[in-house]
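Input: a single structure, listed below in structure tokens.
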Amino acid sequence: MPELPEVETTLRGLAPHLTGQRIAGVAIRHPQLRWPIPRNLPKLLCGQTIRSIRRRAKYLFIECGNGTLILHLGMSGSLRILPADTLAEKHDHFDLLLAKGMLLRLRDPRRFGAVLWHEGDPAQHPLLARLGVEPLEKEFDAAYLHRATRKRSAAVKLVIMDSHVVVGVGNIYANEALFRAGIPPQLAANRLSLARCAQLVQTVRETLSEAIQMGGSSLRDYVDSNGNPGYFQQHYWVYGRAGEPCRVCGTLIKQIRQGQRSSFYCPCCQ
DNA sequence: CGCCAGGCCTGCACGC
DNA sequence: TGCGTGCAGGCCTGGC
Numbered sequence: 001m002p003e004l005p006e007v008e009t010t011l012r013g014l015a016p017h018l019t020g021q022r023i024a025g026v027a028i029r030h031p032q033l034r035w036p037i038p039r040n041l042p043k044l045l046c047g048q049t050i051r052s053i054r055r056r057a058k059y060l061f062i063e064c065g066n067g068t069l070i071l072h073l074g075m076s077g078s079l080r081i082l083p084a085d086t087l088a089e090k091h092d093h094f095d096l097l098l099a100k101g102m103l104l105r106l107r108d109p110r111r112f113g114a115v116l117w118h119e120g121d122p123a124q125h126p127l128l129a130r131l132g133v134e135p136l137e138k139e140f141d142a143a144y145l146h147r148a149t150r151k152r153s154a155a156v157k158l159v160i161m162d163s164h165v166v167v168g169v170g171n172i173y174a175n176e177a178l179f180r181a182g183i184p185p186q187l188a189a190n191r192l193s194l195a196r197c198a199q200l201v202q203t204v205r206e207t208l209s210e211a212i213q214m215g216g217s218s219l220r221d222y223v224d225s226n227g228n229p230g231y232f233q234q235h236y237w238v239y240g241r242a243g244e245p246c247r248v249c250g251t252l253i254k255q256i257r258q259g260q261r262s263s264f265y266c267p268c269c270q
């Protein structure tokens, strides 16, 4: 279920446990994820020291001296730090055993996640090289979004969810950001004025930042035990609220289908 | 039982 | 023609 805020929250929770740690072992229980887990990972990783952990889009980078382990949580993945003797359960597919008696465990029931290896700059991995800008970085501004949408007649919601334009905007936050910006999800992207691009950039940033802050409050739960992702607790303006009254004007929230996923919006406010 | 949710890559079809 | 773009399919499990 992770959207970008959950990945960022996971990163922040893991970093102090992983940075500087030596890798003592690797367990691969179920290599069939989105792509197969490389079989030579144990050979590559054992004895290496983790230099840093970083994020690009929804990918996590665990950087070692000889390359980078790239993790993606797909739709149902989670990462935890656990005592090294914790028994693996049904969907625990991958472990990194750390020298000091702990382990990093990937659980992913739906197996849309990924564990990849890349030598050299991980941002240049074929899957990542052509990604768009980070939504919380400066490059994502009104001028950028305006430029990026000029030739796109597709609906604005599909375009802001296109990771070649801007990364990390999943279905939930796309719906929420469009509501906050007062933009209907069906609007053709190339019909957005510069002013509306500015508005949308701001609401995308706000929506994600607020979710990261909320994720932060349940950080310990998320990493150390069975806590829910932070966003689960949030109350949404439109997401999942079809048929319920708009929190602003009372008009009933509509649900439509775009790109084979659900969109929710207020026909009056947007 | 069938449907839906979620991320996102791949491949096909279309139009300029 | 070739390119960019738009769309559908596929991967998988659990919950309703």
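So for the first sequence, my numbering puts the first residue at 1; every next one is plus one. Backbone N, C-alpha and C fix where the C-beta goes; we use that ideal spot for every residue, glycine too.
(message) Just verifying my parser: in three-state terms, what is the DSSP assignment at F179?
(response) Residue numbering aside, residue 179 sits at position 179 when the first sequence is read from its first letter. Here F179 sits in helix by DSSP.
(request) Count the other CB atoms, across all protein chains shown, that sit within 10 Å of the CB of E244; report buried if there are 16 or more and exposed otherwise. (result) Looking up residue 244 in the first sequence gives position 244. It counts as exposed.
(request) Alpha carbon to alpha carbon, how far is S163 from D221? Give it in angstroms, no decimals. (result) Taking the first residue of the first sequence as 1, we reach residue 221 at position 221. Taking the first residue of the first sequence as 1, we reach residue 163 at position 163. Low local confidence applies: a pLDDT of 41 at D221 is under 50, so the model's placement there is unreliable, with the coordinate-based value given in what follows. Roughly 29 Å between the two C-alpha positions.
(message) For L96, list the residues DSSP reports as bridge partners.
(response) Sequence index remark: in the first sequence, residue 96 carries index 96 (1-based). Beta-bridge pairing links L96 to V26, L104.
(request) Take I131 as the anchor and find which of L73, W35, V165 has the nearest alpha-carbon. (result) Locating residue 131 in the first sequence gives position 131, where the first residue counts as 1. Just to set this straight, residue 131 is Leu in the shown sequence, not Ile. The shortest C-alpha separation from L131 is found at V165.
(message) If you reduce the DSSP assignment to three classes, tell me which class Y236 lands in.
(response) Position 236 of the first sequence, counting from 1, holds the residue named residue 236. Looking at Y236 - three-state DSSP - the assignment turns out to be coil, as it is neither helix nor strand.
(message) So, under 8 Å CB-CB, K157 and A174 are touching, yes? Tell me the CB distance rounded to an integer number of Å.
(response) By 1-based counting over the first sequence, the position of residue 157 is 157. By 1-based counting over the first sequence, the position of residue 174 is 174. Sure, about 5 Å apart at Cβ, within 8 Å.
(message) On a Cα-Cα basis, can you pick out the residue from V159, P83, L208, G20 that is closest to A188?
(response) On the first sequence, position 188 is the one that residue 188 refers to. Checking every option, the nearest Cα to that of A188 belongs to V159.
(request) Compare the C-alpha of H93 against each of A84, L106, P83, G101 and name the closest. (result) As a working mapping, residue 93 is identified with position 93 in the first sequence. The option with the nearest alpha carbon to H93 is L106.
(request) Put L69 into one of helix, strand or coil per three-state DSSP. (result) On the first sequence, residue 69 is found 69 positions in, with the first residue counted as 1. Strand.
(request) With P83 as the anchor, note down where its beta strand (DSSP E) starts and where it stops. (result) Taking the first residue of the first sequence as 1, we reach residue 83 at position 83. Its beta strand (DSSP E) spans residues 78-83.
(request) State the DSSP-derived secondary structure class of S263, mapped to helix, strand or coil. (result) In the first sequence, the residue the question calls residue 263 occupies position 263. In the structure shown, S263 sits in a strand (DSSP, three-state: E or B).
(message) For T207 and A177, I'd like the C-alpha separation in whole angstroms.
(response) For the purposes of this step, residue 207 is identified with residue 207 of the first sequence, where counting begins at 1. For the purposes of this step, residue 177 is identified with residue 177 of the first sequence, where counting begins at 1. About 6 Å.
(request) Whole angstroms is fine: what's the gap from D141's alpha carbon to P135's? (result) By 1-based counting over the first sequence, the position of residue 141 is 141. By 1-based counting over the first sequence, the position of residue 135 is 135. Rounded to the nearest angstrom, the two C-alpha atoms are 9 Å apart.
(request) Can you say whether C249 is buried or exposed, counting buried as having 16 or more other CB atoms within 10 angstroms of its CB? (result) Start at 1 with the first residue of the first sequence, and residue 249 comes out as number 249. So C249 counts as exposed.
(request) Check the C-beta distance from L97 over to A15 and give it rounded, since I have them as a contact under 8 Å. (result) The residue given as residue 97 occupies position 97 in the first sequence. The residue given as residue 15 occupies position 15 in the first sequence. The Cβ separation is near 18 Å, so there is no contact.
(message) Measuring straight from C-alpha to C-alpha, what distance separates R111 and Q260?
(response) Counted from its first residue, the first sequence places residue 111 at position 111. Counted from its first residue, the first sequence places residue 260 at position 260. The straight-line gap from Cα to Cα measures roughly 20 Å.
(request) Let me know the secondary structure DSSP gives I253 once reduced to three states. (result) Here residue 253 is taken as the residue at index 253 of the first sequence, counted from 1. Reduced to three states, the DSSP call for I253 is coil.
(message) Measuring only the C-alpha atoms, how far is R257 from T86?
(response) Working through the first sequence from its first residue, we reach residue 257 at position 257. Working through the first sequence from its first residue, we reach residue 86 at position 86. Straight-line Cα distance between these residues: approximately 43 Å.
(message) According to DSSP, is T203 part of a helix, a strand, or is it coil?
(response) Residue numbering aside, residue 203 sits at position 203 when the first sequence is read from its first letter. T203 falls in the helix class under three-state DSSP.
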